[in-house]
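Residue numbers -29 to -1, 1 to 279, in mature numbering (1 follows the signal peptide of the UniProt record, and there is no 0), belong to the letters of the sequence shown in order.
Down below is the structure, laid out as structure tokens.
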Amino acid sequence: MTNRGIKRLLAGLSAVVLTALAMSVPASATTTATLSIVAHQDDDLLFMNPDIAADIKAGREVWVTYLTAGELPCTPEFAGHCGIDYADTRIQGERAAYSTMAGVANDWQFEQMTFGGHPVAVNHLTGTQVHLIFTFIHAAAGPADNCGDLYRLITVPGFVAHPIDGRPGYTRAAFTGMLDAIIDHVDPDHIRTQSSVGHREPDPDNIDHVTGAILVAEADLDTAGTTRVRRDEYTGYQIRQLPDNVSPYWTTAKRAAWDAYWPHDWNLYRGVTPGHRPWDNVMAKQYHPAGRVFTPGIPWIPPADVTC
């Protein structure tokens, strides 16, 4: 029986016992878990919100994994705002955003956890069920590197991706094995990823968004090559071209989380006119690409036309 199945069984047993004692069932026995996996710090806030905010408000166990460091190259253009230092400022932004969504102090506990034999940085928001996982894989950032290490894991046989924080490197099998172990540990009711076909949109997606989704889909397969845990894909850059579809209540929640994040991100705030908000045109938007919900038992066929 999975951890989630055990929790549900315990919830039922607790209800019987605690009713007799006129006590409430502990929240941990009744909450469900979601696992959202994105390429960069900010993708979750732009493209998977307000769904993640709704999970937090509902008291669910929320895990978010960032597949790259989201760093900028240390070229003259980005001097002083690059590499691991810039990646850390984006992490600080994510922490601020999630504490805002949870309505608690911005107080986090760090833990190095091991998934699939690989040590990974994990942040836990104190007093909540919010957990952020950071892999620090090298991100695509043109023109210095238009492809990134996620793309090379998929396309270059034998390639090893070395996290920029100095932790051990990953082959493709090791990286998907690490993701598979995260899925097993979280035991989510469903997984969120970015679109594995976002490169086909009129407003094409970032290569890390697409290749990250492909790698997660691969990690979510059973031995028969079919989907193990339900996986929902989310539209990326293309939402800029689509009409608003989020209610005022959740638009406000999404905007509050975003406003907690973006002042930490130099690459966003450096070009913003005072009094304006970067990406303001997506605050009332959240979309799924058509036909990109994969329920258990559905075969996974990766797109063969991904290039950087």
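Just so it is clear, CB atoms sit at the ideal spot from N, CA and C, and this is done for glycine as well.
- Measure the beta-carbon distance from Arg123 to Ala132 and round it to whole angstroms, keeping in mind my assumption that it falls under 8 Å. 7 Å
- Using 10 angstroms around the beta-carbon of Ser218, count the other beta-carbons present and answer buried if the total reaches 16, otherwise exposed. exposed
- Less than 8 Å between the CB atoms is what I'm expecting for Thr36 and Ile8, so what's the real figure, rounded? 5 Å
- Does Asp26 get closer than 8 Å to chain D when you measure Cβ to Cβ? The question asks about chain D, but that chain is absent: this structure has only one protein chain.
- Item | Strand pairing of His11, partner residues [DSSP] | Answer by DSSP bridge pairing: none, since His11 is not bridged.
- Query: Counting along the chain, where does the beta strand (DSSP E) carrying Ala92 start and finish?
  - Reply: 89 to 96
- Task: Entirely within the stretch 174 to 213 and at least 3 residues each: give me those beta strand (DSSP E) ranges in chain order.
- Result: Secondary structure within the stretch 174 to 213: the beta strand (DSSP E) runs of 3 or more consecutive residues, fully enclosed, are 202 to 205 (chain order).
- Query: Does the count of Cβ pairs from the stretch 259 to 271 and the stretch 41 to 52 closer than 8 Å reach three?
  - Reply: no
- Would the stretch 167 to 177 and the stretch 52 to 67 be scored as touching if the rule is three or more Cβ pairs under 8 Å? no
- Distance between Trp237 and Ala50 (C-alpha atoms, nearest Å): 12 Å
- Query: If you count every other CB in all the chains shown that lies within 10 Å of the CB of Tyr240, and 16 or more means buried, which is it?
  - Reply: exposed
- Query: How many angstroms separate the CA atom of Ala152 from the CA atom of Lys256?
  - Reply: 32 Å
- Item | Endpoints, beta strand (DSSP E) assigned at Val217 | Here Val217 belongs to no beta strand (DSSP E), and DSSP marks it neither H nor E.
- Task: Please classify Ala261: does DSSP put it in a helix, a strand, or coil?
- Result: Residue state, collapsed to three classes: coil.
- Query: Can you name the residues that DSSP bridges to Met254?
  - Reply: Answer is none; Met254 lacks a bridge partner.
- Give the DSSP-derived three-state secondary structure of Glu82 in the structure shown. The answer is strand: DSSP assigns Glu82 an E or B state.
- What are the start and end residues of the alpha helix (DSSP H) that includes Arg66? 54 to 73
- Item | Exposure label - Thr278; buried when at least 16 CB within 10 Å | exposed
- Contact belief for Asp191 with Ile154 at Cβ below 8 Å, rounded distance in angstroms: Confirmed, Cβ separation roughly 6 Å.
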